[in-house]
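First comes the structure, then the notes that go with it.
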Amino acid sequence: MAVTPTLETDVLRRQDPEIADLLLGELTRQSTTLQLIAAENFTSPAVLAALGSPLANKYAEGYPGARHHGGCELVDVAERLAVERAKALFGAEHANVQSHSGSSAVLAAYAALLRPGDTVLALGLSYGGHLTHGSPANFSGRWFDFVGYGVDAETGLIDHDQVRHLARNHRPKAIVCGSIAYPRHLDYAFFREVSDEVGAYLIADAAHPIGLVAGGAAPSPVPYADVVCATTHKVLRGPRGGMILCGGELAERVDRAVFPFTQGGAQMHTIAAKAVAFGEAATPAFGAYAHQVVANARVLAAQLVSEGLSVTTGGTDTHLITTDPAPLGVDGRTARGRLAGAGFVLDCCVLPHGDGRGLRLGTAAVTTQGMGEPEMVKIAALLASVLRGETEPAAAREEVRELAGRFPPYPG
Ligand SMILES: Cc1ncc(COP(=O)(O)O)c(C=O)c1O
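Going letter by letter, the sequence shown gives residues 629 to 1040 in this note's numbering.
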């Protein structure tokens, strides 16, 4: 069961059994339940090794070749490798790999392009926009004047006419495209065209689809957006963290916006782990995985429909599915609770119509485990059976344990 060097040598267990038990317990939880949270994945043992390495000890404020601390010769090489690999992987002129998270990447993008009080057009939070897209509880909503576009209540698709109309009326300084729950490809060419028409920057927040982009299973925002923000830990399967891609002309502004404007010292163990993940993402095996993620999501969505759930937009182009369990007689929150008892780990989400909550599922983690279309059919059938009350959660839990047991995330 040991997956990190620390657990392997049992150092942690000898020194701090309480925390060692927690780590092992979490590994057991992840290995015996179904990880259907769209934002999660299983990183490789190599990524975990980089995270648990002596690079965690190193302070490295600044950028390679221009650090505020001594002793950065080797971590400089790690960061240069991460940057070069990210540029090659996404065909970008510039990459900044220091953002501590997706939110930090978005904050830095705004800092690079905007001034407090500027108007920004983004997908409204009640339609799947992220907190950093104008939530009053977040810096974005406090410091900028956000205008929200939405999705069509019937189709669930982004209302392009409304985007164009709001852009013309509000003349935003930036337009943001990206979502925590939108299951379809975005039309980046459309967003570029509208941005050009009104003189706005285009920021693509590709936190979710960037792993599919890396694997050639989704269109890339890089040729269209002025700045692309992303996370490295979702479908991309790297360590928890963020990343920014942009053209050469914005490179310096973006770098200054990350450090020293919004962050201090870079986390070199995470940056090395990002380099490892980018290396993995450049392999044919990763491309096959990314396409399988989408194939699995399509089958899962179709099966959920045939089990009677309503799937927003009628399906998915990506790893992500949003579904309304109401036709089976349960609301999203109740459904999530009942499914948790059965070992399905997933999130609630907003729905295009009304105030009700739906369920958001993703297929990245189960695909990493090696599950394919037959397992998606089984998952949909079991999930619907639990929601209809035909299978007790405790009985379903055993079936989930058996299924997950056949696909260990860290075999051996
Ligand atoms: C579209 C989008 N932007 C930003 C983020 C923020 O990422 P993090 O949680 O790493 O700050 C997320 C995370 O789910 C996201 O989906």
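Quick reminder that beta carbons are idealized off the backbone N, C-alpha and C, glycines included.
In or out: Thr671 buried (at least 16 other Cβ within 10 Å) or exposed? Thr671 should be labelled buried.
Any idea which residues DSSP pairs Ala802 with across the strands? Val748 and Tyr829.
C-beta contact flag for Asp773 and Asp780 at 8 Å: Going by C-beta atoms, Asp773 is not nearer than 8 Å to Asp780.
Distance, Val973 Cα to Asp883 Cα: Spanning the two alpha carbons is a distance of roughly 37 Å.
Using CA coordinates, which residue listed in Ala963, Asp649, Arg1025 and Arg1034 is at the minimum distance from Glu1003? For the set Ala963, Asp649, Arg1025 and Arg1034, the Cα lying nearest the Cα of Glu1003 is the one of Arg1034.
When DSSP labels each residue in this structure, what does Met896 get in the three-state scheme? Three-state result, Met896: helix.
Any heavy atom of ligand 1 closer than 7 Å to the beta-carbon of Val734? Yes, the beta carbon of Val734 sits closer than 7 Å to at least one heavy atom of ligand 1.
Buried versus exposed call for Ala913 [16 or more other C-beta atoms within 10 Å across all chains shown]: Under this definition Ala913 is an exposed residue.
May I have the straight-line CA-CA distance separating Ala835 from Val863, to the nearest angstrom? Their backbone Cα atoms lie some 9 Å apart in a straight line.
From this set, Leu987, Ser823, Thr995 and Gly969, which residue's C-alpha is nearest Ala925's C-alpha? Ranked by how close their Cα comes to the Cα of Ala925, the residues Leu987, Ser823, Thr995 and Gly969 have Thr995 in first place.
Is Gly869 near Thr898, with beta carbons less than 8 Å apart? Cβ atoms of Gly869 and Thr898: closer than 8 Å.
Do the region 686 to 697 and the region 1011 to 1028 make contact, defined as three or more Cβ pairs closer than 8 Å? With fewer than three CB-CB distances shorter than 8 Å, the region 686 to 697 does not count as touching the region 1011 to 1028.
For Gln931 and Pro811, the rounded distance between their alpha carbons: Rounded to whole angstroms, Pro811 to Gln931 spans 16 Å at the Cα level.
Could you tell me how far apart the beta carbons of Ala809 and Gly776 are, in whole angstroms, since I believe they sit closer than 8 Å? Ala809 to Gly776, Cβ: 14 Å. No contact.
Around ligand 1, what residues have a beta-carbon under 5 Å from a heavy atom of it, in chain order? Screening all residues for a C-beta within a distance smaller than 5 Å of any heavy atom in ligand 1 leaves Ala667, Ser729, Gly730, Ser731, His758, Gly806, Ile808, Asp833, Ala835 and Thr859, in chain order.
Note down the Cα distance separating Pro673 from Thr656, rounded to an integer number of angstroms. Cα atoms of Pro673 and Thr656: separation of roughly 16 Å, rounded to the nearest angstrom.
Consult DSSP for Leu814 and reduce its assignment to one of helix, strand or coil. Coil.
Tell me whether Ala736 is buried or exposed, calling it buried when 16 or more other Cβ atoms sit within 10 Å of its Cβ. With 16 or more other Cβ atoms within 10 Å, it is buried.
If Ala678 and Ala992 are in contact, beta carbons under 8 Å, what's the gap, nearest whole angstrom? Ala678 to Ala992, Cβ: 20 Å. No contact.
Taking the alpha carbon of Ala1023 as the point to measure from, which residue in Asp975, Leu987, Ala970 and Met999 has its own alpha carbon closest? Ranking Asp975, Leu987, Ala970 and Met999 by Cα distance to Ala1023 puts Ala970 first.
Just reading off the alpha helix (DSSP H) that Val725 is part of, what are its end residues? Val725 -> no alpha helix (DSSP H), and no H or E assigned at all.
Should Arg964 be labelled buried (16 or more other beta-carbon atoms within 10 Å of its own) or exposed? With at least 16 other beta carbons inside 10 angstroms of its own, Arg964 counts as buried.
Do Trp941 and Thr783 have their C-beta atoms closer together than 8 Å? It should be noted that the sequence gives Thr, not Trp, for residue 941. The Cβ atoms of Thr941 and Thr783 sit closer than 8 Å to each other.
Rounded to whole angstroms, what is the Cα-Cα separation between Thr660 and Gln997? Cα-Cα distance, rounded: 12 Å.
Between which residues of its own chain and Val639 is the CB-CB distance below 7 Å, once the five residues before and five after are set aside? None.
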